[in-house]
Amino acid sequence: MKIKTIAATLLVSLSPALALAQSWDPPQVEPPYRFATKTPRNCVDRAGFPNFLMQARAEAQRRGIGQRGLAALEGLSFDDQIVSRDRGQKVFTQTFEEFSGRMVPPRLGAGRKKMQQHQQLLQRIEREFGVPAGVIVAIWGLETDYGAFLGTFPTVRAIATLAYDCRRPEKFRPELMAILKIVDQGNLDPASAKGAWAGEIGQTQFMPTSYVKFAIDYDRDGRIDLVRSVPDVLASTANFLRGSGWQRGQGWQPGQPNFAAILQWNKAEVYARTIAYFAERLESGR
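In this note's numbering, the protein residues as written are 10 to 295.
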């Protein structure tokens, strides 16, 4: 066996322990989007999960997260189903034609109705953030069918599992700190919070770090609610795009200035192209 192979084997076998030593802060450079990897299942060490939660609690306390946020870690267990989902992502093996053909036509009619229903709100958001209604509504429709299906996985448990798992701890440890901060601020009830398997929140599926950075209380009720408040959902989505470099009045198709901002929403090019295509259909009315 070559030395390089031995080193790789040791890295896999020790990865849960190594993960505990990794930074809780977001990486300075976002890793490129990857399709599902072939990480060995035997790198999972479930026995270390309680100790990981203790370290997470200590880190959260160090960051000033209070008792309400810390309590969200109590009673959590490692979720093998989440790990299986993370190992088996397959959606973006589809071509753009396949994915957009499956996702856009069934949502066009409802999308046009949503644009009419929330016309004044969307116009106000476009004036403030520079993002057209069609782009926001396209994201809303693709992510959760306009809020109809947010997911069924307990959010904090899902993120804690992925933060401990050996495949992508550098991505999900910052997400765990962020979700605890959101809970601590009273913007999310951990007992009832459910979503997609990767821990996305609300009607347009914000990751917790993006929630902390971009989510806003647009209905001015004193609480950022991306689960029930449509104004908060739509304005926060526009704020994300603006914060990702969206240029008012510019195009968003591939090769145009704002496509890069859509790629910040989802780094899978097939998904980003589908958002752009869906938005164009909504804006043009065809």
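Quick reminder that beta carbons are idealized off the backbone N, C-alpha and C, glycines included.
- N60: member of the alpha helix (DSSP H) spanning F58 to R71, first to last residue.
- The continuous stretches of alpha helix (DSSP H) do not include L235, and DSSP gives it neither H nor E.
- Residue environment analysis places G120 among the buried positions, since at least 16 neighbouring C-beta atoms fall within 10 angstroms of its C-beta.
- A residue is called buried when at least 16 other Cβ atoms come within 10 angstroms of its Cβ; T283 meets this threshold and is buried.
- For A288, the enclosing alpha helix (DSSP H) stretches over residues E278 to S293.
- By alpha-carbon distance to Y173, the top candidate from F268, D89, G231 and Y227 is D89.
- Segment contact: the stretch 126–141 against the stretch 100–115, fewer than three CB-CB distances shorter than 8 Å; contact not assigned.
- Membership of T102 in any alpha helix (DSSP H) is not indicated, and neither H nor E is assigned to it by DSSP.
- The criterion of a C-beta distance shorter than 8 Å is satisfied by Y227 and P240.
- In the assembly as shown, A202 is a buried residue. Its beta-carbon has 16 or more other beta-carbons within 10 Å.
- At least 8 Å separates the beta-carbon of I191 from that of P163.
- Rounded to whole angstroms, the Cβ separation of Q212 and V242 is 4 Å, and the two are in contact under 8 Å.
- The stretch 257–267 makes no contact with the stretch 150–166; the number of CB pairs closer than 8 Å stays below 3.
- V92: member of the alpha helix (DSSP H) spanning D89 to R96, first to last residue.
- P115 carries a helical assignment under DSSP once its states are collapsed to helix, strand and coil.
- Annotation: the continuous alpha helix (DSSP H) that includes D193 extends over P178 to D193.
- For F223, the enclosing alpha helix (DSSP H) starts and ends at P217 to F223.
- A check of alpha carbon separations from F138 across E184, I233, R237 and F223 identifies F223 as the nearest.
- Linking V53 to Q125 through their CA atoms gives a straight-line distance of about 49 Å.
- Inside the stretch 126–160, DSSP marks whole alpha helix (DSSP H) runs of 4 or more residues at positions 128–138 and 142–153, from first to last along the chain.
- Inter-residue distance for K123 and K276 is about 26 Å (C-alpha atoms, whole angstroms).
- Excluding the 5 residues flanking it on each side, R290 has same chain C-beta neighbours closer than 7 Å at V113 and L117, in chain order.
- In the structure shown, G204 falls within a strand segment according to DSSP collapsed to helix, strand and coil.
- Annotation: G97 to V144 spans about 29 Å, alpha carbon to alpha carbon.
- The beta carbons of A81 and L189 sit about 6 Å from each other, so the pair counts as a contact at 8 Å.
- In the displayed model, I74 falls within coil according to three-state DSSP, outside both helix and strand.
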